[in-house]
Amino acid sequence: MAQFFERHQGGDRALLVHLDLHEINPYEIVEEFELLADSAGAEIIHTIVVKRNSIDSKYFIGSGKAEEIKGIVAAEDVDMVIFNHALAPAQERNLEELFQCRVLDRTTLILDIFAQRARSHEGKLQVELAQLRHLSTRLIRGWTHLERQKGGIGLRGPGETQLESDRRMIAQRIKQITKRLEKVDATRSLGRRSRQRATVPTISLVGYTNAGKSTLFNYLTDENIYVADQLFATLDPTLRSIKLPGGIKVVFADTVGFIRDLPHDLVKAFRSTLVETCEADLLLHVIDAVHEDSQDHIGQVNEVLSQIGADQVPQIEVYNKIDLADSLGPRVDRNADGEVTRVWISAKSGEGVDLLLDILTERFCGESICGTVMLDSHEGKLHANLHQEGGVVAESFLDDGGWKMEVELPRKTLDHLQLLERVSNSR
1 MAQFFERHQG GDRALLVHLD LHEINPYEIV EEFELLADSA GAEIIHTIVV
51 KRNSIDSKYF IGSGKAEEIK GIVAAEDVDM VIFNHALAPA QERNLEELFQ
101 CRVLDRTTLI LDIFAQRARS HEGKLQVELA QLRHLSTRLI RGWTHLERQK
151 GGIGLRGPGE TQLESDRRMI AQRIKQITKR LEKVDATRSL GRRSRQRATV
201 PTISLVGYTN AGKSTLFNYL TDENIYVADQ LFATLDPTLR SIKLPGGIKV
251 VFADTVGFIR DLPHDLVKAF RSTLVETCEA DLLLHVIDAV HEDSQDHIGQ
301 VNEVLSQIGA DQVPQIEVYN KIDLADSLGP RVDRNADGEV TRVWISAKSG
351 EGVDLLLDIL TERFCGESIC GTVMLDSHEG KLHANLHQEG GVVAESFLDD
401 GGWKMEVELP RKTLDHLQLL ERVSNSR
C-alpha cells in the first residue's frame, strides 16, 4: 500500500518534461512550453524531452525515465516537475510520491498564469471557478489528513471522510461563483442589447496569445492597456468605441489570447467573457505574420472559436508584425468575389492600419444614403437617434415645430430606424 505524504510547499526551481509522441514540430511545442513556465515565474533548471510510442498508465513517461528524473530532482534540488500534458489524477499522485516534490500538469500551469494575470473582479472569479473545477477531479492526492475522522465511544462508524468534506465545500464554492458570474453576465447582456438597439457593430479581436491583439487594440482606440512580449499578458476583456473614417461608430473588444490545448475548464469558465466574441459582428483574427508556426496557431484559434460557438461569425485575418520582415509590406488580399480575406499590417509601427480602417468602413458603412428627412414635432426620439448615429449633416426647424434634416448614413442604419423610405433626394 502506498504511503501517504505531505505535499511539498514553496520553491520555483522547475524541471520541465515534454512527452514527444512523434509530433510534427516538437521543438516549437517545447519552446512554447518553456515560455509558459517562464510566464508563471518558474526558474527552469532543465527541459527533458521523452520520446515514446504511447503513454504509460502509471508514470505517464514510463518507469525507467521516471526513475531517471527522480535522480535529477534530488541532485539539482528541484522544487517541482511540470509536465506539458494533462495528467490523470492517479499519474500525478504516483509521480509526486516517486519524486517527493510537487508535480504540475499543463492545465494547472496555465490556470496559475491566469490567476496571476486576472485583474478585474470578473476575471478573478472566472479563474477561481476553473481552478476549482480542475481541483474537484484531483481530490485523490496523497494527503495525510484524508483518513476517516475518528469518533469516541458510541460515535464510531463510517462517518464522513475529509475527501467527502472537501468535495462538498468545493461544490458549494463553485455554486456561489457561478451565481455571481451569472449576475455579471446579465450586466454584460444589457450592454450588448443597448449596442444592438443603437446599431453599433462590435468587432472582436481574437488570436493566438502574443500575436499582438492588445497592441493593435491600443493603436486603434488610443488606449494604453498592458502589452508585453509574453504569453497571456492581458486577460480581462476591454471594450472601447471609435468612429471609423466613414463616420460610423463601432466597438472594439480585446479578448484573452488563445493557446494550444487551452484547458476545457478555462474555456468553460471564460464563456461569459467570450460571448462578446460569439455575438460580434466581425472577428479580426490577429496572426503573427513572422512566426514559423503561424498556420498551426490559426488552426488552434479556430478550434477554440468552434468550442465557444463563434466559428460562424464573419472573420478577417489580420497578419501582424510585418515590420519584422523586409519581404512583407502592407496590403489587402481579396477572394474571387472581391471580399477581403486578409490584411497585412504592423500594429507597432502603424503600417497598413489605415488599410484596415478603410476595409472596416467599407464593410460597415456599406452604401451610404445621402438625402433629406422630414420629421414631425412628435418624433423627438427619432430626431435624437439620428444625432446619436452621427450622420446629421445639417438641420433646420419647420414652421409646424418639426425638423428638416440633411443626413448621410449607412443604408442598414436608416433601415433599422425605419427611415429608409422617407429619405428624399438620395443618391
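Take the sequence shown: its letter number 47 is residue 47 in full-length UniProt numbering, and every next letter is one higher. We put the CB at the ideal spot given by N, CA and C, even for glycine.
heavy atom of the ligand SAH below 7 Å from residue i C-beta
| i | result |
| --- | --- |
| Gly247 | In terms of ligand content, the structure shown is empty, and the ligand SAH therefore cannot be addressed. |
C-beta contact flag for residue i and residue j at 8 Å
| i | j | result |
| --- | --- | --- |
| Glu406 | Glu389 | no |
| Gly212 | Asn302 | no |
| Val78 | Ile48 | no |
| His285 | Val318 | yes |
| Ala14 | Ile82 | yes |
| Phe99 | Lys70 | yes |
| Asn385 | Leu417 | yes |
| Asp354 | Arg342 | no |
| Ile203 | Ala289 | no |
| Ala37 | Leu16 | yes |
| Ile410 | Ile248 | Correcting the residue type first, residue 410 is Pro in the shown sequence and not Ile. Cβ atoms of Pro410 and Ile248: closer than 8 Å. |
| Thr178 | His134 | no |
| Leu375 | Gly338 | no |
| Val373 | Val304 | no |
Coil, strand or helix - residue i by DSSP
| i | result |
| --- | --- |
| Gln307 | helix |
| Cys370 | strand |
| Tyr59 | coil |
| Val127 | helix |
| Ile248 | coil |
| Gln312 | coil |
| Ile263 | With the sequence shown as reference, residue 263 is identified as Pro, and Ile is not the correct amino acid for it. Correct three-state label for Pro263: coil. |
| Lys243 | strand |
| Ser396 | strand |
| Gly154 | Residue placement at Gly154 is poorly supported in this model, since its pLDDT is 46, which falls under 50; the coordinates are not used for a value here. |
| Ser214 | helix |
| Lys65 | helix |
| Asp326 | coil |
| Leu47 | Here the sequence assigns Thr to residue 47, which means Leu is not the residue at that position. Strand at Thr47. |
| residue 431 | Outside the displayed span of the chain (1 to 427) sits residue 431, for which this structure offers no information. |
| Asp79 | coil |
| Leu87 | coil |
| Asn53 | coil |
| Asn320 | strand |
| Val340 | strand |
| Glu421 | helix |
| Ala186 | helix |
| Ile287 | strand |
| Asp376 | coil |
| Ala253 | strand |
| Arg331 | strand |
| residue 428 | In the structure as shown, the chain starts at 1 and stops at 427, and residue 428 therefore has no counterpart that could be examined. |
| Arg138 | coil |
For residue i, the first and last residue of its enclosing alpha helix (DSSP H)
| i | result |
| --- | --- |
| Ile359 | Val353 to Cys365 |
| Pro410 | Looking at the DSSP string, Pro410 is not in any alpha helix (DSSP H); the run it does join, the beta strand (DSSP E), is Trp403 to Pro410. |
| Val30 | Pro26 to Ser39 |
| residue 431 | Residue numbering for the chain in the displayed model covers 1 to 427; residue 431 lies beyond these limits and cannot be assessed. |
Exposed unless 16 or more other CB atoms sit within 10 angstroms - verdict on residue i
| i | result |
| --- | --- |
| Gly391 | buried |
| Arg331 | exposed |
| Phe364 | buried |
| Phe397 | exposed |
| residue 493 | The structure shown does not extend to residue 493, since the chain spans only 1 to 427, so no value can be given for it. |
| Val127 | buried |
| Asp399 | exposed |
| His22 | exposed |
| Glu31 | exposed |
| Asp12 | exposed |
| Thr144 | Caution is warranted here: a pLDDT of 43 is assigned to Thr144, below 50, making its placement in the model unreliable, and no coordinate value can be reported. |
| Pro245 | exposed |
| Ile322 | buried |
| Ala336 | exposed |
| Gly157 | At Gly157, the pLDDT of 49 sits below 50, so the modelled position is not reliable; the number obtained from the coordinates is stated separately. Under this definition Gly157 is an exposed residue. |
| Ile110 | buried |
| Thr187 | exposed |
| Ser306 | exposed |
| Ser346 | buried |
Extent of the continuous beta strand (DSSP E) run through residue i
| i | result |
| --- | --- |
| Ser204 | Thr202 to Gly207 |
| Thr107 | Where Thr107 is concerned, there is no enclosing beta strand (DSSP E), although the alpha helix (DSSP H) it sits in stretches over Arg106 to Arg117. |
| His18 | Arg13 to Asp20 |
- Item | Three or more C-beta pairs below 8 Å linking the stretch 48–60 and the stretch 111–120 | Verdict: no, contact absent.
- Item | Contact the stretch 82–94 vs the stretch 236–256: 3+ CB pairs below 8 Å | A contact between stretches requires three or more CB pairs, one per stretch, nearer than 8 Å, and the stretch 82–94 fails this requirement with the stretch 236–256.
- Query: Any contact of the stretch 333–350 with the stretch 377–385, i.e. 3+ C-beta pairs under 8 Å?
  - Reply: Fewer than three beta-carbon pairs drawn from the stretch 333–350 and the stretch 377–385 are found closer than 8 Å, and the two stretches are therefore not classed as touching.
- Task: Check whether the stretch 163–174 touches the stretch 200–210, counting contact only when three or more Cβ pairs, one atom from each stretch, lie closer than 8 Å.
- Result: Contact between the stretch 163–174 and the stretch 200–210 is absent, because fewer than three Cβ pairs lie under 8 Å.
- Kindly confirm or deny that the stretch 253–263 and the stretch 354–363 touch, where touching means at least three C-beta pairs closer than 8 Å. These segments do not touch.
- Taking contact to mean at least 3 C-beta pairs separated by less than 8 Å, is the stretch 59–70 in contact with the stretch 93–111? Yes: at least three Cβ pairs fall under 8 Å.
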